[in-house]
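Protein chains in written order, with the working numbering: chain A, 1421 to 1776; chain B, 1421 to 1776. For every residue, glycine included, the Cβ atom is placed at its ideal position computed from N, Cα and C. A quick write-up on the structure given underneath.
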DNA sequence: ATGAAAGCGCTAACAG
DNA sequence: CTGTTAGCGCTTTCAT
C-alpha cells in the first residue's frame, strides 16, 4: 500500500525518480543510512543494508549524482577541450583519456572547440560553471591569454599535446626533434629539395606545433647544408584537401620537390594524391612522409611513412596526471615527454644521386 | 574591507568560488534579486541590476549550474552515446549535434561505447543518474533489451542512424534503398560478380544497418537476375584493415569479383589497397563503391564512389527533435528519413561485356 | 550502528 | 520591484 502511494506520488514529478527519502521510508531507516549503504560505509548492519537495497530496487532508485556533487563539492567529472574531434588524431587521444577515466570513475564532458579560440574560452567558462574537477586542454597552441583565463579560473589543468613554459603540467612529444628525425631521414635517402606542408604558424609568435616542427625541419636542413626553398614551405589546414592543394602548388611551381614532409598523415595523403594527379609517382618521383601514424597510414597505397605519435598514451597519461592532481596526490613529473617513432613505409624511396 | 573578508573566507573552500550569498551581501540585496539578475528577469530595477553585476564581477561570481540544475530539475544537458568516435562518420554526426546544442544552450556528455553493449548500458545508467534531459543514441542496432532499458529509465530519447518499430523517434536514411541504388548502379555498369563487405549482422536477428543494406543489395541482384555468390559476401569491422582483409580473401578465392561494395568508405579504402596488393587495378580490374561519403573519399586515388549519408544533418536533426521533445513542443514527424545520394567517382568503371 | 539536522548553491512561490 | 523562505537530493557531523 505504502509503496503504491509513494510511486503514485512520484509519478507527478517531472523527473520521475525515487529519491533517498522514499527509500528511507520504505526501508524504515533514516536517509543517512541509505546514504551509507550507497557509499559502501562499513558502519551499517547487514539487516539495514539488505532492506535498503531491497527498497531501492523496488523503487528503481539510483542516487542523483547532481545532488551528491553539490553536497560533496566534487563532480567526478573532467572537462576535455579539443580543437576538432573529426580529426582521427584527437579521437585516439580521447580514447586514451576515456579509458583512464573509466577506471577511476570519472566522467568526461567533451568539448569540440572547432579550432576557434572563442569557443575554447566559452567552453572553459561552461566547464567551470559545471564545477568540473579538472580540465584537459588539447590545443596546438597555448597563448598568454588562455593561460590567464585558466589561472583566474583556478581549476586543475593538464595540457595535452602542447608544451608551455608556464608552470602547468603537460604531456607531449618532442615535436622539434621528431621533425628533425623525419627530415634527417629524408636527407639520408638522398633527398635534397624537400618541401614542407605545415599548419597555422600563428605568425611564429606563440609556440604552436607547426612552429616546433618547422624548426626541427630547418635544424636538419641546416645541419646537412641543404638549401631551404621558400616556395616549398606551404601552409595548410591539417585536412586532406588542404594537403592536396599545398602539394599541387608546389608541384606546379618552379622548384620541384623530390620529397614532401607533411605535418599530418591526412595532409600527407592529400599530397600523395596531388602527386598522382600531376602525372607523377610516389615514391618514385616524389617521396612523402607524414606525421601522426594514424591507422590509415598503414593501409593507403603507397603505405605512408610517418612520425608516430603515441596518441592514445598522450591522452591516457594526461588523464592519469589530472586525476592525481585532483586527488592531491604527488605527481612524479609535471612535464612528460613521450617518445615518437619514425615509421618507414613505401612512400619514401632512396633517391639516386644522378637522378637529381 | 568586507570584500576582503569574503574573499578570504572563500579561500578556505576547496572549490574556491563566490556564491550567490556573497554577491547578495556585497550588493546589499537578497539572493532572489541576484538570481533574477542572472536569469534576466525583467522585474529588477536598473539600480539593483547594476550593483549585482558589479558585485558579481568583483567576486568573480558565476552561477553554479549544478545547484541550478538541482533546484530546477533540469540540467540543460543531453547525453550522446555513439559506438566509436574514432570513426569519422560519428565525428561528423557529433558535429551536427553539437552545433544545434550550442544554439539552444545545451551541453553534451559524449559517451563512446566502444562497440560494446555493456558499455552502452553502463552509460545509459550514468547519464540517467546525472539527470540528463535527454539522450541521443546512435548505434547500428537497437535491440529489445536496450529498448526496455530505455523504457524503464523514462528519459526522452532519439535514435540516430537507426530505425525501429518501437514508438521512438528516429532519424535515419533508407539503408536498404541506398544499398539497392548502389548495387543497381554497379549492375548498370556491367558488373555481374559483385562482392559485399558488410559489418556485424548480429545473426540477422535484430535490425542492424548491415542487414538492411545487405537486403538492399540482394533486392537489386535478384531484380537483375544475377547470381549471388556466398564467397563474395564477407563480414568485416568497419575499419580499413578489416576491409583490406575481406577483399583479400575474396580476391584469393575461386570466384573473382568484378566489383566490390563495401558498407563503409573506410572499408572500401582497405579493399582498394587489397586490390593493388593483389597485382590488380582499381577500377580497371575491380570496381569499388563505398558508403558514407567521408571527406577522405574525395581525396583518395582512385577517388571513391560511394553512397553519401547526410551525417551532419542526421546529428543536427536528431538534436533538434530531442530538444523539442524535452521542451514539450510538438514534433511534426517522429520518423525522419533523410535522403542519401549516390556519388560517382573514379573507383567505378564501366565493364565491357566481352571482358567478363 | 543509527538518526536528526544542517548545509551545498540555487530557484520559485509568496508576501509585501 | 524586492525579500523571505521553503525546497531540490544528497552528505556529514554530532549525538545517541
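Three-way DSSP call (helix, strand, coil) for residue 1432 of chain B in this model
Below a pLDDT of 50, predicted positions are generally treated as unreliable, and residue 1432 of chain B, at 36, falls in that range; the measurement from the model is reported next regardless. The answer is coil: DSSP assigns residue 1432 of chain B none of H, G, I, E or B.
Are the beta-carbon atoms belonging to residue 1712 of chain A and residue 1524 of chain A less than 8 Å from one another?
no
How would you list, in chain order, the residues of chain A whose beta-carbon sits under 8 Å from the beta-carbon of residue 1690 of chain B?
1719
Given a limit of 8 Å on CB to CB distance, which residues of the segment 1537-1553 of chain A reach chain B?
1545, 1546, 1548, 1549, 1550 and 1551
So is residue 1696 of chain B in contact with chain A if we call contact Cβ pairs under 8 Å?
yes
Go ahead and label residue 1618 of chain A buried or exposed: buried means 16 or more other beta carbons lie within 10 angstroms of its beta carbon, across all protein chains shown.
buried
Range of the contiguous beta strand (DSSP E) that encloses residue 1712 of chain A
1707-1712
Taking all protein chains shown into account, do 16 or more other C-beta atoms lie within 10 angstroms of the C-beta of residue 1659 of chain A, making it buried, or fewer, making it exposed?
buried
Residue 1627 of chain A touches chain B at which residues, Cβ-Cβ below 8 Å?
Neighbours of residue 1627 of chain A on chain B: none; closest Cβ ~27 Å, over 8 Å.
Rounded to the nearest angstrom, how far is the Cβ of residue 1703 of chain B from that of residue 1615 of chain B, given a contact under 8 Å?
Not really, about 14 Å apart at Cβ, beyond 8 Å.
If I'm right that residue 1679 of chain B touches residue 1706 of chain B with Cβ under 8 Å, what's the distance once you round it to whole angstroms?
6 Å
Count the other C-beta atoms from every protein chain shown that fall within 10 angstroms of the C-beta of residue 1685 of chain A, then say buried if there are 16 or more, exposed otherwise.
buried
Tell me where the beta strand (DSSP E) around residue 1568 of chain A begins and ends.
Run containing residue 1568 of chain A: none in the beta strand (DSSP E); it sits in the alpha helix (DSSP H), 1564-1573.
Helix, strand or coil, according to DSSP, for residue 1615 of chain A in the structure here?
strand
Pull up the distance between the alpha-carbon of residue 1506 of chain A and that of residue 1507 of chain B, whole angstroms please.
8 Å
Tell me which same chain residues have a C-beta within less than 7 Å of the C-beta of residue 1624 of chain B, skipping the five on either side of it?
1631
What is the DSSP secondary structure of residue 1721 of chain B, counted as helix, strand or coil?
coil
Within 8 Å, strictly: CB atoms of residue 1739 of chain B and residue 1529 of chain B:
no
Check distances from the C-beta atoms of the segment 1444-1477 of chain B to those of chain A and list, in chain order, the residues that come in under 8 Å.
none
The alpha helix (DSSP H) that contains residue 1451 of chain B, what's its start and end?
1451-1458
Go to residue 1693 of chain B, then tell me how far its alpha helix (DSSP H) extends in each direction, as first and last residue.
1685-1697
Cα separation between residue 1758 of chain B and residue 1695 of chain B?
33 Å
From the beta carbon of residue 1736 of chain A, is the nearest beta carbon of chain B less than 8 Å away?
no
Please state whether the Cβ-Cβ distance between residue 1544 of chain A and residue 1570 of chain A is less than 8 Å.
yes
Residues that residue 1512 of chain A contacts on chain B, provided the C-beta gap is smaller than 9 Å
1506
Is it true that the segment 1660-1674 of chain A meets the segment 1633-1640 of chain A, where meeting means three or more beta-carbon pairs spaced less than 8 Å apart?
no
Run through DSSP, which three-state label would residue 1660 of chain B get?
helix
Pairwise C-alpha distance: residue 1438 of chain B and residue 1480 of chain B
7 Å
What does the Cβ neighbour count give for residue 1769 of chain B, buried or exposed, with the cut at 16 atoms within 10 Å?
buried
Is it a yes or a no for the segment 1513-1527 of chain A touching the segment 1592-1606 of chain A, going by three-plus beta-carbon pairs under 8 Å?
no
At what residues does the beta strand (DSSP E) containing residue 1655 of chain A begin and finish?
1653-1655
Indicate the three-state DSSP secondary structure (helix, strand or coil) for residue 1765 of chain A in the structure shown.
coil
Should residue 1567 of chain B be flagged as near chain A, meaning a C-beta pair shorter than 8 Å?
no
Using the Cα positions of residue 1548 of chain A and residue 1581 of chain A, report the straight-line distance between them to the nearest angstrom.
22 Å
Could you tell me whether any Cβ in chain B is nearer than 8 Å to the Cβ of residue 1480 of chain A?
yes
State buried or exposed for residue 1574 of chain B, treating a residue as buried only when at least 16 other CB atoms are found within 10 Å of its CB.
exposed
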